[in-house]
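In my numbering, the protein residues as written are 33 to 163. Glycine included, C-beta positions come from ideal geometry on N, C-alpha and C.
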Amino acid sequence: GMDGSQIAKAISSFPNILLYSLEANLKPCVQWMSGLGMDGSQIETAIATFPQILSLSLEANLKPKAQLLRERGFTNAEIASTLAKLPKLFGHSSKRLAHRTSLLQAQGLLTETSLRSTMLLTDAKFRAHFE
């Protein structure tokens, strides 16, 4: 499980995590991440880095975004790796994710690395580089 410092970091950056139901919210999200192929250490790091991931709806947010990435050619292993390294990616809007992956794919530039780096760009910087 998560060590004391990871738990403290998650709670301090997202205190509302204490209000979530273990059975209804936390457990299903962790099981979904595990089902993608993330190991315990990757899941712990993702939660410690972006605890808000536990507040995102599986059906309305996480699963549709993972499906979008699959449609763009990502494997579950690549989605798991991306989620482990940049869990905040799943906090961005579906529209932003779809737009950026579409443009990168059209230019032959869509990779796990390019996705992680371009999702962090402001809209203005993204447009300047890719549109």
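Where does G105 sit, in a helix, a strand or coil, going by DSSP? Within the sequence shown, residue 105 is the residue found at index 73, counting from 1. It is coil, neither helix nor strand.
Could you pull out every unbroken alpha helix (DSSP H) segment of at least 4 residues lying fully inside the segment 59 to 142, listed in chain order? 59 to 68, 72 to 81, 95 to 103, 108 to 117 and 126 to 138
What are the boundary residues of the alpha helix (DSSP H) that G33 is part of? For the purposes of this step, residue 33 is taken as residue 1 along the sequence shown, with counting starting at 1. Counting along the chain, G33 falls outside any alpha helix (DSSP H), and DSSP gives it neither H nor E.
Between the alpha carbons of T150 and L118, how many angstroms are there, rounded? By 1-based counting over the sequence shown, the position of residue 150 is 118. By 1-based counting over the sequence shown, the position of residue 118 is 86. Each residue's Cα considered, the two are about 11 Å apart.
Just tell me which of H124, S113 and K157 has its CA closest to the CA of T143. Taking the sequence shown and counting its residues from 1, one reaches residue 143 at position 111. Answer by Cα proximity: S113.
Determine the closest residue to I79 out of L153, G105 and G123, with distance taken between C-alpha atoms. Within the sequence shown, numbered from 1, the residue matching residue 79 stands at position 47. Ranked by Cα distance from I79, the options L153, G105 and G123 are led by G123.
S149, enclosing alpha helix (DSSP H) - first and last residue: Taking the first residue of the sequence shown as position 1, residue 149 is located at position 117. Residues E144 to M151.
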